[in-house]
Amino acid sequence: MMPAMIVYRTSTRQVDPSLELSRCLTMAADDAEAMTSRLLGIGGVEVALSDLWMPLHDSRDPRALTLANATRWAARTLVEADGPGQATATSAERHLRHALSQCLRMPLPPGVELRAPQGFAYDALHPLAYAAATADCLKRWHPSRVAVVGLRTIGATLGAVVAAHCDHNGVPTWTCTLRPRGASVARECRIDAALALELQAQAGSLCLIVDEGPGLSGSSLLSAATVLEAHGHRREHIVFLCSHEPQPGALRARAAAQRWGMYTRVIAPSRGPSFAEDWSAGAWRAHIGLDVSRWPPVHPQHERNKGVPADAPGELHKFVGYGTWGVTVGRRASRAADAGFGVPVFGVRDGYMRMARVSPASTMSRRGTWALAATVLKYLPWRAWAMQTGDRADTDALLGLLATNAREHFGGAHDTTLLQLERLARASAPRPAVVIDGHLSPWEWLTTPTGVVKVDTAEHGDDHFQPGPQDIAWDVAAVLGEFAWTSSERASLVERLAVALKDPSLAHRLRWMRPCYLAARMGYSAVAAESLGDTADGRGFGRQARRYARQLAGALGH
């Protein structure tokens with residue numbers, strides 16, 4: 002059974018929806034990359050406002066429908082641009098601008114919280130992959146009409162692409178979006194009477210349920226299918242459009258193994274660059290100078306797509322996000338490189354960051370060295386200054402993570418210490434949130450002829466894993482936890498970092514920040530070990546989880 006530890010988070014950003022839609026209206030979307038960015042911007046606003054306007058159940062809210070129409074036309078421009086029809090692309094552009102103008106005439110709130118859609122931000126899931134999957138559906142079933150149900154968050158935008166492809170092919174298409182609600186292993190879709198009547202009226206259509214998933218449970222897709230069947234849709238007319246085919250027995254929803262096989266699935270094909278050397282899914286480990294026996298464990302599904310292109314053998318291209326997400330990561334990476342801490346960056350194109358390929362002499366050993374300490378003493382103070390978000394670090398989230406993961410592993414053995422650490426943390430002065438490095442293990446540091454180079458400086462500090470932007474003390478705790486230091490070395494490093502950071506309370510905050518860091522790493526390693534099972538990486542994560550657990554027990558024992 003999967004450990005009930007806190008591992009994931011939802012990355013969000015605050016936007017003014019009117020400004021975001023205005024930006025999309027005025028942007029020069031003259032190529033597929035810009036059109037993709039615009040689609041993601043409009044779709045993100047649609048999802049955020051739909052969730053705001055329909056907090057308890059889904060309906061046919063006219064405001065949400067107006068936004069959905071704009072998302073659909075934005076998808077249509079992308080679908081048309083991907084084909085040969087210039088005239089139809091120009092017409093779609095005109096319709097989109099009209100649709101956006103209608104959105105901007107509505108009263109909109111001054112701010113909303115946009116969730117990062119995992120597929121677009123982290124998993125290299127291109128929207129047009131779902132246009133290809135839709136083409137497969139139309140070819141297989143030749144439907145006279147289609148009903149598209151997009152599951153928010155990402156399914157709303159993907160569903161718009163599916164509908165746009167049907168529009169392009171002249172197939173009458175009805176759409177809605179649903180937000181599966183409830184516990185992650187038991188999601189359910191709740192709809193009002195008006196939407197229920199419309200769903201019933203669509204019975205007989207080829208019904209495409211659209212999402213990136215399935216996730217760990219599969220319950221979102223299954224709950225949507227349950228609602229459709231309850232409203233007259235025959236099981237053989239229901240199709241899941243998703244990004245991968247899971248092992249049904251691993252899905253955690255009730256009776257998921259049996260229920261999953263009842264529905265047809267169409268898997269969106271991968272769409273992205275081809276590499277002469279593919280470094281994805283942990284293959285990068287063969288290129289950092291480590292013997293196979295010393296390879297760190299990786300979870301292939303959590304690895305960014307990356308590789309060396311045939312036409313640029315001196316570069317490494319890595320997926321960092323489509324649209325705003327990729328631009329933001331690219332800027333952070335460029336700043337780190339310009340400051341002398343990361344590899345040179347040559348820009349972001351179609352979601353992939355182009356950077357110099359570094360040939361290391363070696364990676365760092367787990368034994369801490371003064372060469373590493375010297376770099377850390379420059380790198381972390383720079384990061385603490387350069388990567389502030391303007392918000393407060395979220396202490397409550399860290400304390401919740403620590404308590405949950407520690408109790409999941411140790412039971413109540415350390416409850417007294419956990420309470421003491423909570424009091425200590427709450428008595429500490431607020432600290433600025435920083436987009437931390439987040440990955441400071443030995444293999445993240447390369448020794449080159451010109452010195453120590455830090456890799457992955459930009460993407461891990463604000464992704465879908467814990468902790469997100471935090472107090473810079475998190476990265477200090479990582480350096481202490483990932484390398485073996487003597488007691489005197491550790492004390493000296495903390496003292497020197499406190500001076501370099503101009504942070505006299507650093508040692509005080511590490512008393513609770515270090516257990517938080519170890520609890521997060523223990524949780525991730527334990528979940529990865531369970532997920533990967535009896536494989537080399539699964540066993541490696543098992544060993545890693547036990548190491549972090551020992552360190553955490555020691556930290557909580559003091």
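Take the sequence shown: its letter number 89 is residue 90 in my numbering, and every next letter is one higher.
Backbone N, C-alpha and C define an ideal beta-carbon position, used for all residues, glycine too.
Check                                                                                                            : Outcome
Proximity winner among Q302, M356, A546, relative to P310 (alpha-carbon distances)                               : M356
Minimum C-alpha distance to L129 - residue among A69, K503, A5, M36                                              : M36
Spatial neighbours of W74 in its chain, beta-carbon cut-off 7 Å, leaving aside the 5 residues before and after   : A93, H96, L97, A100
Near the ligand NAP: K379 beta-carbon under 7 Å from a heavy atom                                                : In terms of ligand content, the structure shown is empty, and the ligand NAP therefore cannot be addressed.
Touching by the beta-carbon criterion (3+ pairs, under 8 Å), the segment 298-308 and the segment 103-118         : no
Best match in G151, M523, D17 for proximity to T405 [C-alpha to C-alpha]                                         : M523
Beta-carbon separation (whole angstroms), A556 vs P516, contact threshold 8 Å                                    : 5 Å
Contact under 8 Å by Cβ, A337 with A474                                                                          : no
Proximal residues to Y569 (C-beta, below 8 Å), its chain only, five neighbours per side dropped                  : With the chain covering only 2 through 559, there is no way to say anything about residue 569.
Same chain, Cβ closer than 6 Å to L200, neighbours up to 5 away in sequence not counted                          : H232
Where the alpha helix (DSSP H) through R236 begins and ends                                                      : It is not in any alpha helix (DSSP H) - R236 carries neither H nor E in the DSSP assignment.
For C208, the first and last residue of its enclosing alpha helix (DSSP H)                                       : From DSSP, C208 is part of no alpha helix (DSSP H) but of the beta strand (DSSP E) over 207-211.
Those residues which DSSP pairs with L26 across a bridge                                                         : Answer by DSSP bridge pairing: none, since L26 is not bridged.
Contacting residues, own chain, Cβ-Cβ under 7 Å from Y549 (five flanking each side not counted)                  : L519, R522, M523, S526
A282 to G42 span [Cα, whole Å]                                                                                   : 29 Å
DSSP-derived helix/strand/coil call for M354                                                                     : strand
Sheet register partners of H318 (DSSP bridge)                                                                    : G308, R355
From T227, W54, H166, residue whose alpha carbon lies closest to that of R236                                    : T227
Segments assigned alpha helix (DSSP H), at least 4 residues, entirely inside the segment 148-215                 : 155-169, 194-202
For T11 and T174, the rounded distance between their alpha carbons                                               : 32 Å
Same chain, Cβ closer than 6 Å to A148, five either side skipped, listed in chain order                          : W175, Q203, S206, C208
Contact set for D392: own chain, Cβ-Cβ below 6 Å, skip 5 residues either direction                               : A434
Assigned secondary structure, W54 (DSSP; H/G/I helix, E/B strand, else coil)                                     : helix
Where S12 sits in the DSSP three-state scheme                                                                    : coil
One or two residues paired with G348 in a DSSP bridge                                                            : R355
Close-in-space but distant-in-sequence residues of the same chain around A257 (CB under 8 Å, 5 per side omitted) : S218, G219, S220, L223, P249
Proximity below 8 Å, CB of M365 to CB of P443                                                                    : yes
Close Cβ partners of G482 (< 8 Å) along its chain, the five nearest in sequence each way excluded                : R515, Y518, L519, R522, Y549, Q552
Nearest neighbour of E490, chosen from R368, P111, W386 [CA to CA]                                               : R368
D600, enclosing alpha helix (DSSP H) - first and last residue                                                    : One cannot answer for residue 600 here, as it falls past the ends of the chain, which runs 2 to 559.
K455: first and last residue of the uninterrupted beta strand (DSSP E) it sits in                                : 452-455
Where I43 falls: helix, strand or coil (DSSP)                                                                    : helix
Alpha-carbon spacing of T27 relative to H303, whole angstroms                                                    : 35 Å
Local Cβ density within 10 Å of W371, reported as buried at 16 or more and exposed below that                    : exposed
Other residues of its chain near L109: CB distance less than 6 Å, five sequence neighbours each side excluded    : P18, S19
Proximity below 8 Å, CB of T158 to CB of L53                                                                     : no
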